[in-house]
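In the numbering used here, the protein residues as written are 339 to 403.
As structure tokens, this is what we get:
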């Protein structure tokens, strides 16, 4: 996520301290996803992970502002 300016620690923080989680749906592929949204240093960050993966398999992350 370096190209989006998202530090790894921000992703870890959101996964441990998210405000909202919701199913991510399939969106054209067969993988189920879970979306986590939380605040990192005053910005809202969305992290999408593979459903029920351990450790979490990060699919994507993006700032929501």
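Note that beta-carbon positions come from the ideal geometry of N, C-alpha and C, so glycine has one too.
Sort 397, 401 and 374 by Cα distance to residue 354 and report the nearest one. From the listed residues 397, 401 and 374, the smallest Cα separation to residue 354 is found for 374.
Nearest chain D C-beta to residue 390 closer than 9 Å, yes or no? Absent here is chain D; the protein component of the structure consists of one chain.
Got a sec? Which residues, its chain only, sit under 8 Å from residue 359 by beta carbon, not counting five neighbours each side? Only 372, 373, 374 and 375 meet the Cβ criterion.
Compute the Euclidean distance between the alpha carbons of residue 381 and residue 388, then round it to the nearest angstrom. Counting only the Cα atoms, residue 388 lies some 23 Å from residue 381.
List the whole-angstrom C-beta distance separating residue 399 from residue 349, where the pair is believed to meet the contact cut-off of C-beta under 8 Å. For residue 399 against residue 349, the beta-carbon gap comes to about 6 Å, under 8 Å, which counts as contact.
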